[in-house]
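Chemist:
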Amino acid sequence: MRVLGIEGTAWAASAACYDDSDDTVFIESDPYQPDSGGIHPREAAEHMGEAIPKVIDRALAHAAETVDDAADTAASDADSPNRYGIDCVAFSQGPGLGPCLRTVGTAARAAAQALNVPLVGVNHMVAHLEIGRHQSGFDSPVCLNASGANAHLLGYHNGRYRVLGETMDTGVGNALDKFTRHIGWEHPGGPKVEAAATDGELIDLPYVVKGMDFSFSGIMSAAKDAADDGEAIEDICFSLQEHIFGMLTEVAERALSLTGTDELVLGGGVGQNARLQSMLETMCEERGARFYVPDNRFLRDNAGMIAVLGAKQFAAGQTVAIEDSTVDPNFRPDEVAVAWRQGEQSVARGRGVEAASSADEATATQSVGDRHGRQRGAEAVVDMVAPTDCEYELPAQCVRKRRLSKTYRHPALDTTLTGERTTAEARLTSEARAAGVPTPLVWDVDRETATLHLQHVGEADLAERLTTDAVTTVGNHLAAIHNAGLVHGDPTTRNVRVGDRVWLVDFGLGFHSGHIEDYAMDLHVLRQSLAATADDPNPLLDAVSDGYTAAGNPEVIDRLATVEDRGRYQ
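Position 60 of the sequence shown, counting from 1, maps to 59 under numbering that gives the first Met the number 0, and the rest follow consecutively.
As structure tokens, then:
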């Protein structure tokens with residue numbers, strides 16, 4: 000199969016020829032470079048109008064030179080409209096800038112009609128993750144998309160790529176661009192920040208993780224203020240990378256822990272950053288997970304990834320009629336029916352060692368747990384400790400939870416985060432218990448070693464015992480702590496224990512707040528973890544709302560809809 004791919008969502012006018020017989024990709028690109036500031040949609044579209052025909056011609060010229068005449072006699076006919084051996088035309092249908100998408104859509108329709116071949120509409124963000132998955136050969140990885148307008152954590156589950164986490168305001172590349180424009184640097188800002196960061200030192204900036212979601216608006220405002228106050232630009236750039244990429248690496252690890260998978264793929268233009276790649280690689284090595292990052296030509300916006308995914312969709316029968324090929328600037332990746340992966344393994348594999356094959360058992364033990372009760376989450380190792388092993392007399396077995404130093408993070412930042420989270424977990428666990436919510440008793444806190452000794456509660460994580468009754472109770476519990484002015488911060492199905500009761504655990508990302516927005520974010524994190532991992536999430540999603548409504552402020556449920564609409568391209 001040979002596919003002509005066409006990309007043009009924002010700045011890269013690109014065309015490619017993909018041949019699946021030998022898995023070769025030829026790419027021609029002509030990027031748009033604004034004279035000043037960021038991308039101007041009208042100017043970008045004008046560039047597309049001029050550049051797209053040229054890159055298509057070069058891609059087709061390559062196709063004509065490499066076509067297998069013996070295999071396709073029609074293609075060898077110089078008078079044939081499809082003397083290039085092209086089987087279909089794939090194009091970026093969205094998301095992206097509307098004027099650019101419309102220009103590319105017009106070119107793709109014209110090419111398909113001229114070649115007399117079917118048309119395939121491709122989601123640009125799914126293409127970013129699929130090219131890495133295609134080349135890595137992984138079974139069902141978590142995929143981190145770090146691009147200009149986006150930042151997503153995605154995993155395949157029940158026929159779609161589910162959003163495990165995402166930016167709640169701006170894309171990671173756009174965030175960096177906003178800072179560099181503020182200090183007068185030309186677009187694109189990311190490579191300039193990376194270059195300047197080599198001579199910088201760490202300064203304090205906001206670090207915002209909400210479950211597996213994250214936000215860049217606060218850190219961008221703080222970086223601009225720091226520049227206005229005379230901080231060294233090199234120090235700000237260094238600190239931006241350490242904080243932003245630390246956040247992305249942390250949420251990627253949280254996604255690995257939630258789903259139980261041990262594979263991570265990186266995609267998107269910001270993925271070219273060497274510091275981000277290094278952080279992710281280090282994190283995966285420490286977890287016993289596998290990590291894959293494509294070559295730079297497949298990370299930046301390119302038509303090669305469009306052509307490769309177009310071939311998969313074409314083989315699965317996912318073509319689109321010309322009259323139905325309208326572009327969609329708000330095309331979310333979780334809207335795509337992933338027909339080419341039907342029947343494949345879900346990213347939600349579970350966490351127990353028993354689920355691993357014997358060949359994978361050593362890796363599974365290292366990354367998630369062992370048969371002696373030790374489990375490793377995203378942040379900590381949890382051990383069952385006998386009373387005689389504790390420093391003081393306990394009535395029964397206790398849990399020793401030790402937060403691990405994250406060597407991918409800057410040491411000073413890591414020390415601050417582990418210490419603050421250990422203290423917050425101890426304090427808020429006790430305060431939530433005082434508010435009437437079942438939580439473990441806290442018996443000892445050692446901030447220096449980031450270690451807690453807690454009461455052992457429950458028989459299993461909620462992820463392993465998903466019922467509407469249990470989830471309804473979690474909704475009740477969240478309402479109760481919110482009524483007391485507390486926010487959990489990370490109420491996923493891994494941070495709830497079930498047994499004789501339903502218990503909330505792990506308040507490490509928690510804080511005090513009286514804001515409805517923060518309460519709604521708690522509900523969003525819980526609902527997102529259910530939607531991404533449960534076989535039938537809809538009854539569970541309803542149960543969250545029912546449980547919360549019965550005990551909480553109805554304004555929080557109203558705000559939840561606003562929060563969920565804040566995800567990219569809602």
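We put the CB at the ideal spot given by N, CA and C, even for glycine.
Quantities reported herein were computed from a predicted structural model and do not represent experimental measurements.
Tell me the DSSP secondary structure of Trp-10 in three-state form.
Modeler: Of the three classes helix, strand and coil, the one that applies to Trp-10 here is coil, per DSSP.
Chemist: Going by C-alpha distance, which of Asn-144, Glu-424, Val-441, Ala-150 is nearest Asp-168?
Modeler: Checking every option, the nearest Cα to that of Asp-168 belongs to Ala-150.
Chemist: To the nearest angstrom, how far is the alpha carbon of Ala-231 from that of Ala-423?
Modeler: Their Cα atoms are separated by approximately 32 Å.
Chemist: Quick check for students: name the residue ranges of the alpha helix (DSSP H) that lie wholly in the segment 122-208, counting only runs of 4 or more.
Modeler: Runs of the alpha helix (DSSP H) inside the segment 122-208: 123-135, 171-181, 189-196.
Chemist: Return the chain-ordered list of same chain residues with a C-beta closer than 7 Å to the C-beta of Trp-184, the five sequence neighbours on each side being excluded.
Modeler: Result list for Trp-184: Lys-191, in chain order.
Chemist: Hey, Leu-607 and Leu-465 are a contact pair by Cβ (cut 8 Å); roughly how many whole angstroms apart?
Modeler: Only positions 0 to 569 of the chain appear in the structure, and residue 607 is not among them; the question remains open.
Chemist: Who pairs with Trp-502 in a beta bridge, going by DSSP?
Modeler: BP columns for Trp-502 point to Arg-496.
Chemist: My output table needs one value for Lys-405: the three-state DSSP class, helix, strand or coil.
Modeler: Note: Lys-405 maps to coil in three-state DSSP.
Chemist: For the alpha helix (DSSP H) that contains Met-219, what are its first and last residues?
Modeler: Here the alpha helix (DSSP H) through Met-219 covers 216-227.
Chemist: Could you tell me the distance, in whole angstroms, from the CA atom of Ala-44 to the CA atom of Phe-25?
Modeler: Answer to the nearest angstrom: the Cα atoms are 24 Å apart.
Chemist: Any beta carbon from chain D within less than 7 Å of Asn-149's own beta carbon?
Modeler: Absent from the structure: chain D. Only one protein chain is present.
Chemist: Pop quiz: Val-2 and Asp-86 are said to be a contact at Cβ under 8 Å. What is the actual Cβ separation, rounded to whole angstroms?
Modeler: With a Cβ gap of about 6 Å, Val-2 and Asp-86 count as contacting.
Chemist: Check whether the segment 409-426 touches the segment 454-468, counting contact only when three or more Cβ pairs, one atom from each stretch, lie closer than 8 Å.
Modeler: No: the two stretches stay apart, fewer than three of their Cβ pairs being nearer than 8 Å.
Chemist: Relative to the C-alpha of Gln-271, which residue among Leu-239, Gly-376, Ser-146, Val-250 is closest?
Modeler: The shortest C-alpha separation from Gln-271 is found at Ser-146.
Chemist: With distance defined between alpha-carbon atoms, name the residue in Ser-28, Ala-9, Gly-158 nearest to Gly-95.
Modeler: If we check each option's Cα against that of Gly-95, Ala-9 comes out closest.
Chemist: Go to Arg-289, then tell me how far its alpha helix (DSSP H) extends in each direction, as first and last residue.
Modeler: Run containing Arg-289: none in the alpha helix (DSSP H); it sits in the beta strand (DSSP E), 289-291.
Chemist: Who are the Cβ neighbours of Val-319 in its own chain at under 6 Å, not counting the five residues just before and after it?
Modeler: Correct list, in chain order: Leu-118, Gly-120.
Chemist: Give the DSSP bridge partners of Pro-30, in chain order.
Modeler: For Pro-30, which the question treats as bridged, DSSP gives the partners Ala-11.
Chemist: According to DSSP, Phe-213 sits in a beta bridge with which residue or residues?
Modeler: Thr-166, Val-208.
Chemist: Which class does Thr-428 belong to by DSSP, given the choice of helix, strand or coil?
Modeler: In the structure shown, Thr-428 sits in a helix (DSSP, three-state: H, G or I).
Chemist: Could you check which residue in Leu-403, Val-501, Arg-274 has the C-alpha nearest to that of Gly-376?
Modeler: Nearest option by C-alpha distance: Leu-403.
Chemist: Are Leu-100 and Tyr-83 touching if we call contact CB-CB under 7 Å?
Modeler: No, Cβ-Cβ distance for Leu-100 and Tyr-83 is not below 7 Å.
Chemist: Could you tell me the distance, in whole angstroms, from the CA atom of Ser-345 to the CA atom of Val-264?
Modeler: If you take the alpha carbons of Ser-345 and Val-264, they lie about 15 Å apart.
Chemist: Give me the residue from Pro-536, Leu-525, Ala-550 with the minimum Cα distance to Leu-559.
Modeler: The shortest Cα separation from Leu-559 among Pro-536, Leu-525, Ala-550 belongs to Leu-525.
Chemist: Can Pro-437 be considered in contact with the ligand HEM, in the sense that its beta carbon sits closer than 6 Å to one or more heavy atoms?
Modeler: Because no ligand of any kind appears in the structure shown, any question about the ligand HEM cannot be addressed here.
Chemist: Note down the Cα distance separating Ser-544 from Met-246, rounded to an integer number of angstroms.
Modeler: If you take the alpha carbons of Ser-544 and Met-246, they lie about 29 Å apart.
Chemist: Taking Thr-23 as the reference, give the member of Gln-32, Ile-5, Met-0 with the closest Cα.
Modeler: Among Gln-32, Ile-5, Met-0, the Cα nearest to that of Thr-23 is on Met-0.
Chemist: Could you give the first and the last residue of the continuous alpha helix (DSSP H) run that contains Met-0?
Modeler: Element bounds for Met-0: n/a, residue is neither H nor E.
Chemist: Specify, as a first and last residue, the run of the alpha helix (DSSP H) that Ser-277 falls within.
Modeler: Unbroken alpha helix (DSSP H) run through Ser-277: 273-286.
Chemist: Measure the alpha-carbon distance for Met-282 versus Ser-512 and round it to whole angstroms.
Modeler: The alpha-carbon atoms of Met-282 and Ser-512 are separated by roughly 31 Å.
Chemist: Using C-beta distances below 6 Å, list every residue in its chain close to Arg-159, excluding the 5 sequence neighbours before and after it, in chain order.
Modeler: Excluding residues within five positions, the ones whose Cβ falls inside 6 Å are Asp-333, Val-337.
Chemist: Nearest-angstrom Cα distance between Glu-129 and Ala-310?
Modeler: Cα-Cα distance, rounded: 11 Å.
Chemist: I'd like to know if the segment 278-296 and the segment 248-257 are in contact, where contact means that at least 3 CB-CB pairs between them fall below 8 Å.
Modeler: The segment 278-296 vs the segment 248-257: in contact.
Chemist: Applying the criterion that 16 or more other CB atoms from any shown protein chain within 10 Å of the CB defines a buried residue, is Ile-243 buried or exposed?
Modeler: The residue is buried, with at least 16 neighbouring Cβ atoms inside 10 Å.
Chemist: Identify which residue in Ala-449, Thr-102, Asp-18 has its Cα closest to the Cα of Ala-63.
Modeler: The residue with the shortest Cα to Cα distance from Ala-63 is Asp-18.
Chemist: Do you know offhand how far Leu-485's Cα is from Gly-509's?
Modeler: Computed Cα separation, rounded: 7 Å.
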